[in-house]
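So the number in our numbering is just where the residue sits in the sequence shown, counting from 1, plus 25. Idealized CB from N, CA, C, for every residue including glycine. Quick caveat, the model's predicted, so the values are computed rather than measured. Structure, as structure tokens:
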Amino acid sequence: MTAPWHIRWLKLEDGPWKVTHGAGIKVALLDSGVGKIRALTQERVRRLSHDGEPIEPTDRSADSHGTSVAGIVASVDKRILGIAPEADYSAFLVYGVDGRPADFRVKAALRKATELAVDVVCCTFTLPQADDELRSAITGLAAAGIPVIVSAGNSAQQRDEFPETVPGLITVAAHNPDGRLLPNSRYGDWTTIAAPGMRITTWKSSGQEDPLFSGTSAAAPLLTGVVTLALAQALAVGGEAGRDAVKLALADLLVETSERRGPVPLLAAGAFYDAAVAMAQPKTKSRSRSKSKSKSRN
Numbered sequence: 026m027t028a029p030w031h032i033r034w035l036k037l038e039d040g041p042w043k044v045t046h047g048a049g050i051k052v053a054l055l056d057s058g059v060g061k062i063r064a065l066t067q068e069r070v071r072r073l074s075h076d077g078e079p080i081e082p083t084d085r086s087a088d089s090h091g092t093s094v095a096g097i098v099a100s101v102d103k104r105i106l107g108i109a110p111e112a113d114y115s116a117f118l119v120y121g122v123d124g125r126p127a128d129f130r131v132k133a134a135l136r137k138a139t140e141l142a143v144d145v146v147c148c149t150f151t152l153p154q155a156d157d158e159l160r161s162a163i164t165g166l167a168a169a170g171i172p173v174i175v176s177a178g179n180s181a182q183q184r185d186e187f188p189e190t191v192p193g194l195i196t197v198a199a200h201n202p203d204g205r206l207l208p209n210s211r212y213g214d215w216t217t218i219a220a221p222g223m224r225i226t227t228w229k230s231s232g233q234e235d236p237l238f239s240g241t242s243a244a245a246p247l248l249t250g251v252v253t254l255a256l257a258q259a260l261a262v263g264g265e266a267g268r269d270a271v272k273l274a275l276a277d278l279l280v281e282t283s284e285r286r287g288p289v290p291l292l293a294a295g296a297f298y299d300a301a302v303a304m305a306q307p308k309t310k311s312r313s314r315s316k317s318k319s320k321s322r323n
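Written out as structure tokens, the structure is:
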């Protein structure tokens with residue numbers, strides 16, 4: 026069976042997937058919740074309220090938004106395998122009964138993610154306003170060395186303070202299989218990188234396949250999955266110090282290894298992954314090797 030285009034674009038099967046599927050990394054997903062489907066097990070994807078309390082599987086969006094987002098990274102079904110299915114996910118329900126993200130829920134979830142010491146946070150929504158309390162929650166995550174990946178948004182004419190005016194975020198635009206930004210993908214000097222975001226195959230909360238999930242809400246979890254793989258391998262080769270070094274340099278690594286084809290750098294998953302793993306390598310090993318070579322020459 027041919028892999029979905031985004032898996033081929035990321036070159037996962039011949040690259041990261043040979044050594045890791047994300048084990049050992051903790052990820053926070055903030056969205057509309059996650060439905061009860063076999064591909065997203067409770068063991069891997071904990072369903073949480075905005076304040077971190079366990080809840081029954083539920084998706085408050087009309088279009089299975091949160092379930093589809095989680096499916097991109099966490100699905101354990103081999104028919105549609107998530108990018109990092111062995112990571113541990115905390116899926117925070119930050120949508121209200123009106124089917125939209127609520128500011129107070131987002132703030133609470135961000136603070137709880139800090140308490141849980143997750144390795145990366147993924148926010149697949151925008152907010153029209155970003156008050157001091159929200160900015161403080163983001164600052165708290167940054168102080169804890171936890172990167173926050175955010176969708177850029179899908180309305181080119183709309184301006185949202187979150188993420189546009191909040192520093193310290195990794196903001197993601199969406200591109201198609203040709204590497205061109207989607208017409209409705211928002212971007213600007215506040216946008217960090219673009220990732221595949223057109224017709225990303227995932228799941229609906231009914232358990233049915235969704236081959237058409239598109240937009241920056243597809244691109245952000247996709248990037249989160251790639252980052253999770255890199256952090257997992259960084260942890261494997263360099264321990265916590267190696268993993269944390271990659272987290273602190275994450276935005277720079279993504280941009281430095283990217284492809285430049287248009288107004289926003291494109292994710293070059295293989296180059297990024299290799300650079301992250303190289304950064305995580307313990308420096309003491311290379312020094313001891315040099316010493317050993319010197320001794321053998323003498």
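Our two residues, Ala-127 and Val-119, have alpha carbons roughly 6 angstroms apart in a direct line. The beta-bridge partner set that DSSP reports for Phe-187 consists of Leu-152. Here the C-alpha atom of Thr-216 lies approximately 13 angstroms from the C-alpha atom of Asp-277. As DSSP reads the structure, Ala-199 sits in a beta bridge with Ala-220.
In this structure, the alpha-carbon of Leu-206 lies about 30 angstroms from that of Ala-64. By the C-beta density criterion, Leu-254 is buried, having at least 16 other C-beta atoms within 10 angstroms. In this structure, DSSP gives Arg-104 a helical state, which the three-state scheme calls helix. Here Lys-308 carries a helix assignment [DSSP, helix/strand/coil].
Fully contained in the stretch 62 to 110 are the following beta strand (DSSP E) runs of length 3 or more, in chain order: 70 to 73. Contact between the stretch 263 to 281 and the stretch 230 to 238 is absent, with fewer than three C-beta pairs closer than 8 angstroms. By the neighbour-count definition (other C-beta atoms within 10 Å, threshold 16), Phe-129 is an exposed residue. Judged by beta-carbon spacing, Gly-91 lies beyond the 8 angstroms limit of Gly-107, meaning their Cβ atoms are not closer than that value.
The beta carbons of Ala-99 and Ala-48 sit about 13 angstroms from each other, so the pair does not count as a contact at 8 angstroms. In the pairwise beta carbon analysis, the stretch 133 to 147 is classified as touching the stretch 252 to 268: at least three pairs are separated by under 8 angstroms. Taking Ala-270 as the centre and dropping the five residues before and after it, the same chain places the C-beta of Ala-259, Gly-263, Met-304, Ala-305 closer than 8 angstroms to its C-beta, in chain order.
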